[in-house]
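Under my numbering, residues 4 to 103 are what the sequence shown spells out, in order. We treat Cβ as the ideally placed atom computed from N, Cα and C, and that holds for glycine.
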Amino acid sequence: MEIKKEKNGSVLKLTLIGKLSIQEAKELGKVVDDELSDVTDLTFDFKELTYVSSAGLRVLLTAQNIMDDAGGTMKLLNVSPFIMDVLKLTGFNKFMNIEN
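Dropping the structure here:
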């Protein structure tokens, strides 16, 4: 998986390309840990994301909690029908801001 980062002040956009499986979730978790300390507006662009594992969902949940604690916002963009099904099955769609 490739992670493209675009940061402008307190705004961070992470574009995920490929599959977010266990190993890639560790990499994304490191980015979340390293980059979110001064971020108040976080966007994940899933336009080219084809798969997300439970480990990937855990990283998204961690990022959402960090944003909530900081009084910031987080949104998911361009979510494919397959990944949307995963988000619905796990209930993530009920508390995450998803825009298509």
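Of the candidates Thr18, Ser40 and Lys7, Ser40 places its Cα closest to the Cα of Gly74. Rounded to whole angstroms, the gap between the alpha carbons of Pro84 and Gly12 is 32 angstroms.
Residue state for Phe98 is assigned as coil, using DSSP reduced to three classes.
Beta-bridge annotation (DSSP): Thr76 is paired with Asp44. Secondary structure note for Leu39: it is in no alpha helix (DSSP H), with a DSSP letter that is neither H nor E. The shortest CA-to-CA distance from Asp48 to any of Lys78, Ser24 and Val14 is the one to Lys78. In this structure Leu15 is buried. Its beta-carbon is surrounded by 16 or more other beta-carbon atoms within 10 angstroms.
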